[in-house]
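Data first, discussion second: the structure below is written as structure tokens.
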Amino acid sequence: MTKKESAKKGTVGVVKTEYFTFSYPPDYFILSNGSQIGPVTLAYETYGVLNENRSNAILILHALSGSAHAAGFYSEKDKNTGWWDLYIGPGKAFDTEKYFVICSNVLGGCSGSTGPASINPETGRAYGMDFPMVTIADMVNAQKKLIDHLGIKKLLAVAGGSMGGMQALQWTISYPDMVESCIAIATSASLSAQGIAFNEVGRQAIFNDPHWNNGNYYNSRIPKAGLSLARMIGHITYMSEKHMHEKFGRKFQDSHQGKAGVSSEFMVESYLKYQGIKFVERFDANSYIYITRAIDHFDLKEDFGGSLTAAFENVSANYLVISFTSDWLYPSSNSKEIVRALRVNGKNVNYIDIETDNGHDAFLLPNEILEKNIKNFLKSEFKKSEF
Amino acid sequence: MEEYIGYDLVVEEIPERSRVLDLGCGDGTLLFLLQENKGVNGCGVEISEEGVSRCLEKGVYSYQADIDEGLSDYRDNSFDYVILNQTIQNTKRPDLVLKEVLRIGKKVIVSFPNFGYYRIRLFLLFKGRMPVSKLLPYEWYNSPNIHLLTIKDMKRMEKEFSFKILQQQHFSLVGEGKNKIFNFIKKIVCGDPHTNKSKSCKVRIMPNLFAQYGFFVITSKKDTNQ
Numbered sequence: 001m002t003k004k005e006s007a008k009k010g011t012v013g014v015v016k017t018e019y020f021t022f023s024y025p026p027d028y029f030i031l032s033n034g035s036q037i038g039p040v041t042l043a044y045e046t047y048g049v050l051n052e053n054r055s056n057a058i059l060i061l062h063a064l065s066g067s068a069h070a071a072g073f074y075s076e077k078d079k080n081t082g083w084w085d086l087y088i089g090p091g092k093a094f095d096t097e098k099y100f101v102i103c104s105n106v107l108g109g110c111s112g113s114t115g116p117a118s119i120n121p122e123t124g125r126a127y128g129m130d131f132p133m134v135t136i137a138d139m140v141n142a143q144k145k146l147i148d149h150l151g152i153k154k155l156l157a158v159a160g161g162s163m164g165g166m167q168a169l170q171w172t173i174s175y176p177d178m179v180e181s182c183i184a185i186a187t188s189a190s191l192s193a194q195g196i197a198f199n200e201v202g203r204q205a206i207f208n209d210p211h212w213n214n215g216n217y218y219n220s221r222i223p224k225a226g227l228s229l230a231r232m233i234g235h236i237t238y239m240s241e242k243h244m245h246e247k248f249g250r251k252f253q254d255s256h257q258g259k260a261g262v263s264s265e266f267m268v269e270s271y272l273k274y275q276g277i278k279f280v281e282r283f284d285a286n287s288y289i290y291i292t293r294a295i296d297h298f299d300l301k302e303d304f305g306g307s308l309t310a311a312f313e314n315v316s317a318n319y320l321v322i323s324f325t326s327d328w329l330y331p332s333s334n335s336k337e338i339v340r341a342l343r344v345n346g347k348n349v350n351y352i353d354i355e356t357d358n359g360h361d362a363f364l365l366p367n368e369i370l371e372k373n374i375k376n377f378l379k380s381e382f383k384k385s386e387f
Numbered sequence: 388m389e390e391y392i393g394y395d396l397v398v399e400e401i402p403e404r405s406r407v408l409d410l411g412c413g414d415g416t417l418l419f420l421l422q423e424n425k426g427v428n429g430c431g432v433e434i435s436e437e438g439v440s441r442c443l444e445k446g447v448y449s450y451q452a453d454i455d456e457g458l459s460d461y462r463d464n465s466f467d468y469v470i471l472n473q474t475i476q477n478t479k480r481p482d483l484v485l486k487e488v489l490r491i492g493k494k495v496i497v498s499f500p501n502f503g504y505y506r507i508r509l510f511l512l513f514k515g516r517m518p519v520s521k522l523l524p525y526e527w528y529n530s531p532n533i534h535l536l537t538i539k540d541m542k543r544m545e546k547e548f549s550f551k552i553l554q555q556q557h558f559s560l561v562g563e564g565k566n567k568i569f570n571f572i573k574k575i576v577c578g579d580p581h582t583n584k585s586k587s588c589k590v591r592i593m594p595n596l597f598a599q600y601g602f603f604v605i606t607s608k609k610d611t612n613q
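Each protein sequence line maps, in turn, to chains S and B.
Those letters in the first sequence? Residues 1 to 387, by my numbering.
Those letters in the second sequence? Residues 388 to 613, by my numbering.
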């Protein structure tokens with residue numbers, strides 16, 4: 001990228017989270033397992049302007065720990081930008097000067113959307129573990145209500161990484177007529193046994209925290225230790241061995257401290273602890289349980305009688321699938337499986353395997369190849385959709 | 388490296404609105420031309436990330452993969468045309484690739500640098516080492532062309548691989564070099580390069596000796612029997 005281009009890139013500026021509430025009883029929101037819930041609120045943010053034809057809307061789907069706050073900041077003083085600010089904004093991959101970008105917090109989440117921490121109107125207390133099991137398809141069905149509410153008949157694109165990629169794929173299967181194109185990054189049609197294993201260890205950390213109290217902790221101390229441990233485990237899986245080594249090596253946090261001490265701390269340890277502590281401030285332990293469960297249970301193959309080819313038989317979107325060479329949580333082979341199923345069905349698909357040491361986290365970090373390919377893909381899909 | 392070799396002949400050959408798979412599609416220029424001129428529904432396979440990225444720039448669909456690693460999941464006759472343009476000599480197992488493309492494509496275009504070209508023969512004869520020229524611009528040790536063949540080799544495969552040759556348009560690239568004798572020979576076998584508007588000129592006289600590139604349109608015999 002030239003300097004001129006990067007200089008043009010800007011920020012969406014100060015943004016505000018909005019809320020949409022639907023499915024008021026008795027018109028409950030019906031979940032995949034048949035249980036019902038209502039009312040349901042989704043937190044969402046939008047950036048850019050919807051054009052007259054309503055043909056430039058892009059729905060961004062977030063990963064496990066994400067939120068509706070994908071870009072910009074909440075006030076001029078706020079230093080924390082949205083989770084995908086690197087890629088959303090004027091002149092960026094999701095160019096808010098061309099596209100109307102929407103991001104909503106998932107159902108079951110804890111950043112403004114209805115989830116286990118929300119008040120159950122039937123009991124007047126937080127749902128806790130009474131919250132029904134939520135699937136990726138349920139998250140998508142809830143988002144569909146929001147897109148309808150915004151008056152959008154067809155999305156130019158659905159896009160996301162990791163669990164966001166799962167939602168993007170699910171969108172194209174659940175609502176084929178509503179999606180022009182799909183960008184699925186570092187994702188899979190189903191999580192590997194290894195991935196489920198790591199999620200389970202994270203959940204066990206929460207379950208074993210005495211403060212978890214079967215999910216009833218909203219009026220007392222929260223299970224900080226368990227949730228931060230779960231986050232620490234998660235962080236290990238998001239990084240590659242090489243990236244971790246380059247970032248921390250065997251360096252000690254406090255270089256003056258003697259190396260022999262049992263309490264002396266490696267830099268990588270303090271990084272993980274910091275990530276854990278920071279996470280507890282903004283995330284609900286029960287949401288962590290529900291969302292990781294949704295990821296574990298996502299299985300497009302199983303949904304279609306054991307055939308991934310059958311899953312993509314009736315989709316009409318065009319796809320951009322991207323994986324990262326050092327991602328071992330959602331390895332390239334998972335993306336290749338999606339690509340194979342799509343092309344066997346004669347669907348239009350682009351696929352690249354980006355060479356990087358950044359592991360699963362790569363989609364959240366600066367990457368020129370990722371940026372230019374999203375940009376070019378959206379440009380040609382937008383052009384095609386306008387015909 | 389010479390680029391865009393034989394593109395004019397491929398575009399000429401493929402009918403409007405065909406379903407096309409381009410194996411080793413490079414930067415996607417050929418598919419782009421086919422999309423623009425023939426309205427084809429195309430898809431490319433390319434081994435490099437840069438290649439796929441450049442396809443994306445053009446609005447051409449392609450995916451990053453090694454064609455040696457399999458085309459087996461495509462259904463029989465999925466494509467009207469499968470293109471192997473300057474690709475077959477780069478594959479590890481041309482035999483397996485050829486079998487697969489004959490299965491998945493109703494027709495297959497195979498074009499490759501002709502190792503039987505007289506100047507390559509002369510190079511080997513007089514210099515006694517592996518030919519390095521404009522046509523094959525690599526040293527033996529760094530060449531991606533790991534399975535070189537001649538036009539005659541391709542014809543000899545017809546029986547064993549049970550395909551039928553539908554068309555042959557062996558060609559050389561238009562343009563003159565320094566050597567007057569070679570230019571004269573080219574003029575005789577191709578016609579006057581100045582009157583030839585396209586980039587490739589068809590060689591009709593003894594192509595295995597005088598054509599720089601082989602160009603075949605083939606189809607599986609199993610199909611024609613159906």
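Heads up, the beta-carbon is just placed ideally off N, CA and C, and yes, glycines get one too.
Put residue i into one of helix, strand or coil per three-state DSSP.
i: LEU489 (chain B); result: helix
i: ARG406 (chain B); result: strand
i: LYS521 (chain B); result: coil
i: GLU302 (chain S); result: helix
i: ASN318 (chain S); result: strand
i: VAL262 (chain S); result: coil
i: LYS4 (chain S); result: In this predicted model, LYS4 (chain S) has a pLDDT of only 45, less than 50, meaning its place in the structure is not dependable; the value taken from the coordinates is given anyway. Correct three-state label for LYS4 (chain S): helix.
i: ALA598 (chain B); result: coil
i: ALA93 (chain S); result: coil
i: GLN170 (chain S); result: helix
i: TYR271 (chain S); result: helix
i: GLY128 (chain S); result: helix
i: SER323 (chain S); result: strand
i: PRO481 (chain B); result: helix
In chain S, which residues lie with their C-beta within 8 Å of the C-beta of residue i?
i: TYR448 (chain B); result: ASN318, ASN348, VAL349, ASN350
i: ARG462 (chain B); result: VAL344
Shortest alpha-carbon distance to residue i belongs to which of the options?
i: PRO25 (chain S); options: S:TYR19, S:GLY38, S:VAL14, S:VAL15; result: S:GLY38
i: ALA184 (chain S); options: S:ASN350, S:LYS379, S:TYR127; result: S:ASN350
i: THR247 (chain S); options: S:ILE233, S:TYR271, S:ARG231, S:SER228; result: Sequence check: residue 247 (chain S) is Lys here, not Thr. The shortest Cα separation from LYS247 (chain S) among S:ILE233, S:TYR271, S:ARG231, S:SER228 belongs to S:TYR271.
i: ILE552 (chain B); options: B:PRO531, B:VAL497, B:LYS565; result: B:VAL497
i: GLU436 (chain B); options: S:GLY359, S:ILE322, S:LEU146, S:PHE363; result: S:ILE322
i: ILE236 (chain S); options: S:ASP299, S:LYS251, S:ASP327; result: S:ASP327
i: LEU64 (chain S); options: S:ALA230, S:SER35, S:SER32, S:ILE369; result: S:ALA230
i: PHE550 (chain B); options: B:VAL604, B:ASP414, B:LYS425; result: B:VAL604
i: THR46 (chain S); options: S:SER35, S:ASN334, S:LEU61, S:VAL339; result: S:LEU61
i: LYS383 (chain S); options: B:ILE533, B:GLY446, B:CYS577; result: B:GLY446
i: GLY109 (chain S); options: S:PHE94, S:ILE289, S:SER23, S:GLU371; result: S:ILE289
i: MET166 (chain S); options: S:ILE136, S:SER240, S:ASP148; result: S:ILE136
i: PHE207 (chain S); options: S:ALA142, S:ASN105, S:THR96, S:SER228; result: S:SER228
i: GLY66 (chain S); options: S:GLU381, S:THR292, S:ILE173, S:LEU329; result: S:THR292
i: ALA225 (chain S); options: S:GLN204, S:GLU241, S:ASN219, S:ASN216; result: S:GLN204
i: LEU50 (chain S); options: S:ASN105, S:GLY160, S:ILE147; result: S:ILE147
Can you list the residues of chain S that residue i reaches, using a CB-CB cut of under 9 Å?
i: GLN635 (chain B); result: As shown, chain B starts at 388 and ends at 613. That puts residue 635 (chain B) outside it, with no answer to give.
i: CYS430 (chain B); result: ARG343, GLY346, ASN348, VAL349
For a quick check, are the C-beta atoms of residue i and residue j less than 7 Å apart?
i: ALA294 (chain S); j: VAL134 (chain S); result: yes
i: PHE502 (chain B); j: THR474 (chain B); result: no
i: HIS211 (chain S); j: ASN358 (chain S); result: no
i: CYS442 (chain B); j: GLY426 (chain B); result: no
i: LEU342 (chain S); j: PHE312 (chain S); result: yes
Name the chain B residues whose beta carbon is nearer than 7 Å to that of residue i?
i: ASP353 (chain S); result: GLU436, GLN451
i: VAL372 (chain S); result: A small fix is needed here, since residue 372 (chain S) is Lys in this sequence, not Val. The contacting residues are SER440.
i: ARG340 (chain S); result: ASP460
If residue i and residue j are in contact, beta carbons under 8 Å, what's the gap, nearest whole angstrom?
i: THR606 (chain B); j: LYS494 (chain B); result: 5 Å
i: SER405 (chain B); j: TYR468 (chain B); result: 5 Å
i: TYR44 (chain S); j: GLU76 (chain S); result: Their Cβ separation, rounded to whole angstroms, is 22 Å, which puts TYR44 (chain S) and GLU76 (chain S) out of contact at 8 Å.
i: ILE354 (chain S); j: ASN334 (chain S); result: So it is not a contact: roughly 14 Å between Cβ atoms.
i: PHE363 (chain S); j: ALA186 (chain S); result: 5 Å
i: SER316 (chain S); j: SER55 (chain S); result: In fact, because the Cβ distance is near 16 Å, the residues do not count as touching under 8 Å.
i: TYR238 (chain S); j: HIS360 (chain S); result: 5 Å
i: TYR448 (chain B); j: ILE491 (chain B); result: Their Cβ separation, rounded to whole angstroms, is 17 Å, which puts TYR448 (chain B) and ILE491 (chain B) out of contact at 8 Å.
Could you check whether the Cβ of residue i sits closer than 7 Å to any Cβ belonging to chain A?
i: SER440 (chain B); result: The structure shown contains no chain A; its protein chains are S and B.
Quick one: is the Cβ of residue i within less than 6 Å of any heavy atom of the ligand FMN?
i: ILE206 (chain S); result: Within the structure as shown, the ligand FMN is missing, as the structure has no ligands at all.
Name, please, each residue of chain B whose Cβ falls closer than 8 Å to the Cβ of residue i.
i: VAL315 (chain S); result: Neighbours of VAL315 (chain S) on chain B: none; closest Cβ ~14 Å, over 8 Å.
Residue i touches chain S at which residues, Cβ-Cβ below 7 Å?
i: GLU444 (chain B); result: ASN376
Residues of chain B with CB closer than 9 Å to the CB of residue i, please, in chain order.
i: ILE183 (chain S); result: Here the premise fails: no neighbours, minimum Cβ distance about 11 Å.
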